[in-house]
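So the structure is just underneath, and the comments pick up after that.
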Amino acid sequence: MRKKRDEERSPEETAQEHLELGKFYFLNQRFDEAIEQLKKAASFDDRNADIYFSLGVVYVAINQIPNAKESFEKALEIRPGMKSAQEHLDKLIGV
Amino acid sequence: MRQFAVIGLGRFGQSVAKTLEERGFEVLACDSDEEKVAEIADHVTHAVQLDATEEKALRSVGVTEMDVAVVSVGEISSSILITLLLKELGVPLVASKAVDSLHAKVLRRVGADRVIFPERDMGVRVAESLSTPRIFDYIEVSPTHSIVELVAPKSFNGKTMRELDIRATYGVNVIAIKRKKPKISEEGESAIEEEFILGPAADEEIVLGDLLVLLGQDKEIERLKEL
Numbered sequence: 001m002r003k004k005r006d007e008e009r010s011p012e013e014t015a016q017e018h019l020e021l022g023k024f025y026f027l028n029q030r031f032d033e034a035i036e037q038l039k040k041a042a043s044f045d046d047r048n049a050d051i052y053f054s055l056g057v058v059y060v061a062i063n064q065i066p067n068a069k070e071s072f073e074k075a076l077e078i079r080p081g082m083k084s085a086q087e088h089l090d091k092l093i094g095v
Numbered sequence: 096m097r098q099f100a101v102i103g104l105g106r107f108g109q110s111v112a113k114t115l116e117e118r119g120f121e122v123l124a125c126d127s128d129e130e131k132v133a134e135i136a137d138h139v140t141h142a143v144q145l146d147a148t149e150e151k152a153l154r155s156v157g158v159t160e161m162d163v164a165v166v167s168v169g170e171i172s173s174s175i176l177i178t179l180l181l182k183e184l185g186v187p188l189v190a191s192k193a194v195d196s197l198h199a200k201v202l203r204r205v206g207a208d209r210v211i212f213p214e215r216d217m218g219v220r221v222a223e224s225l226s227t228p229r230i231f232d233y234i235e236v237s238p239t240h241s242i243v244e245l246v247a248p249k250s251f252n253g254k255t256m257r258e259l260d261i262r263a264t265y266g267v268n269v270i271a272i273k274r275k276k277p278k279i280s281e282e283g284e285s286a287i288e289e290e291f292i293l294g295p296a297a298d299e300e301i302v303l304g305d306l307l308v309l310l311g312q313d314k315e316i317e318r319l320k321e322l
């Protein structure tokens, strides 16, 4: 299948690509690059809770707790009742 | 199996009793307040309402059979009296909760084998972890030594334990490394798996995000915190 050119993609699709790339970097312990990609993803689509959730998890991995809390809160704001985000946030309350 | 009695079922006593039960020990939980006894009844082996300042009452529930008794009664004179009675009844190990240093002194005089200051100890832990954002947990093991969980200094990343030689350089022992391993869950979400590396080997490399569990003198740990 032909890859869509930049101008053919919707912002949501572009965000999704950056999200996938962010997850890839995260999985490879390249946390700074993961954060960069996830922030880019959020700049294309700031209504995607998965992006903020992933960002929160990366921040937890590098012990940046205030940033992690903020990201999980943002994910929950977009998708109230998001279980995984709530679980992470609950764990961080005492930290 | 070791048997434990927990006397006084405030928040501290309840938490001790439930934790011991979860660890698989037999727990006898007592309080003079019927409601508190009812509250914990489903979580422990035996829950009994009694006045623990009366020797007869203590005997009747079999306190003399216990290996350990925890006295977590807030009222000072009762806590002293109960501690004294338990020692006289021959309980091998009595651990009593103190509210201040004078109370602690008296408890030791009447035979308490251990005196616990939950509020003071927790206060120190919380203050330590709040005052230094890189400290995640803190346990005082002596007036001069502690165990802390510290975020590995940036300059340590990518170096092996051998290269860092933390014991020789800083006089502090690395007991363990807590590492967060990234993974993607079955649902496709980013997730973290905690790895606990006890007694890290010389060729273990520190990675970004590692927490070091350190044991050492407070002043040496202070030096590491500054890095």
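If you read the sequences in order, they're chains A and W. Going left to right, the first sequence walks through residues 1 to 95 as the working numbering numbers them. Going left to right, the second sequence walks through residues 96 to 322 as the working numbering numbers them. Glycine included, every Cβ here is placed at the ideal spot set by N, Cα and C.
Please say whether residue j and residue i have beta carbons closer to each other than 8 Å?
| i | j | result |
| --- | --- | --- |
| A/Ile-51 | A/Leu-19 | yes |
| W/Thr-178 | W/Ser-196 | no |
| W/Glu-299 | W/Ile-272 | yes |
| W/Ala-124 | W/Ile-135 | yes |
| W/Gly-266 | W/Gly-311 | yes |
| W/Glu-150 | W/Leu-180 | yes |
| A/Val-60 | W/Lys-276 | no |
| W/Ile-171 | W/Val-194 | yes |
| W/Asp-232 | W/Arg-215 | no |
| W/Val-122 | W/Ala-133 | no |
| W/Val-163 | W/Gly-103 | no |
| A/Tyr-25 | A/Glu-33 | yes |
| W/Lys-278 | W/Glu-288 | yes |
| W/Gly-185 | W/Thr-148 | no |
For residue i, count neighbouring C-beta atoms within 10 Å of its own C-beta (all shown protein chains included) and say buried if the count is 16 or more, exposed if not.
| i | result |
| --- | --- |
| W/Lys-314 | exposed |
| A/Ser-108 | The structure shown has nothing for residue 108 of chain A, since chain A only spans 1 to 95. |
| A/Pro-11 | exposed |
| A/Ile-93 | exposed |
| W/Lys-200 | exposed |
| A/Met-82 | buried |
| W/Pro-341 | Since the first residue shown for chain W is 96 and the last is 322, residue 341 of chain W is missing from the structure and cannot be characterised. |
| W/Phe-291 | exposed |
| W/Met-161 | buried |
| A/Pro-66 | exposed |
| W/Gly-108 | buried |
| W/Gly-294 | exposed |
| W/Asp-323 | Since the first and last residues shown for chain W are 96 and 322, residue 323 of chain W lies out of range. |
| W/Ser-241 | buried |
| W/Leu-202 | buried |
| W/Leu-322 | exposed |
From the DSSP output, which residues share a beta bridge with residue i?
| i | result |
| --- | --- |
| W/His-141 | W/Leu-123 |
| W/Lys-192 | W/Ile-211 |
| W/Ile-292 | W/Ile-272 |
| W/Ser-241 | W/Glu-235 and W/Gly-311 |
| W/Lys-278 | W/Ala-286 |
| W/Val-267 | W/Gly-311 |
| W/Ile-102 | W/Cys-125 and W/Val-166 |
| W/Glu-300 | W/Thr-255 |
| A/Leu-38 | A/Leu-38 pairs with nothing; no bridge assigned. |
| W/Leu-306 | W/Val-246 and W/Lys-273 |
| W/Ile-230 | W/Leu-245 |
Determine the direct distance from the alpha carbon of residue j to that of residue i, and round the result to whole angstroms.
| i | j | result |
| --- | --- | --- |
| A/Gly-22 | W/Ser-280 | 15 Å |
| W/Ser-285 | W/Glu-183 | 58 Å |
| W/Ala-142 | A/Asp-46 | 54 Å |
| W/Gln-144 | W/Val-101 | 12 Å |
| A/Ser-84 | W/Gly-283 | 12 Å |
| W/Val-139 | A/Asn-48 | 46 Å |
| W/Thr-255 | W/Arg-262 | 13 Å |
| W/Gly-169 | W/Ile-175 | 10 Å |
| A/Glu-17 | A/Ala-41 | 8 Å |
| A/Gln-86 | A/Asn-63 | 18 Å |
| A/Ser-54 | A/Leu-38 | 8 Å |
| W/Gly-157 | W/Ala-222 | 41 Å |
| A/Lys-74 | A/Arg-30 | 23 Å |
| A/Phe-44 | A/Glu-36 | 13 Å |
| W/Leu-206 | W/Arg-318 | Strictly speaking, residue 206 of chain W in this sequence is Gly, with Leu absent from that position. About 40 Å. |
| W/Gly-253 | A/Lys-91 | 28 Å |
| W/Leu-259 | W/Glu-130 | 56 Å |
| W/Ala-297 | W/Arg-118 | 34 Å |
| W/Phe-120 | W/Ile-316 | 36 Å |
| W/Gln-98 | A/Arg-79 | 48 Å |
| A/Gly-56 | W/Arg-209 | 42 Å |
| W/Thr-64 | A/Ala-15 | Because chain W here runs from 96 to 322, residue 64 of chain W falls outside it and cannot be looked at. |
| W/Leu-303 | W/Glu-235 | 27 Å |
| W/Ser-173 | W/Arg-204 | 15 Å |
| W/Asp-146 | W/Arg-154 | 11 Å |
Using a C-beta cutoff of 8 Å, does residue i count as contacting chain D?
| i | result |
| --- | --- |
| A/Leu-92 | Of the chains in the structure shown, none is chain D; the protein chains are A and W. |
inquiry  = Three Cβ pairs or more, each shorter than 8 Å: is that satisfied between the region 290-307 of chain W and the region 247-260 of chain W?
reply    = yes
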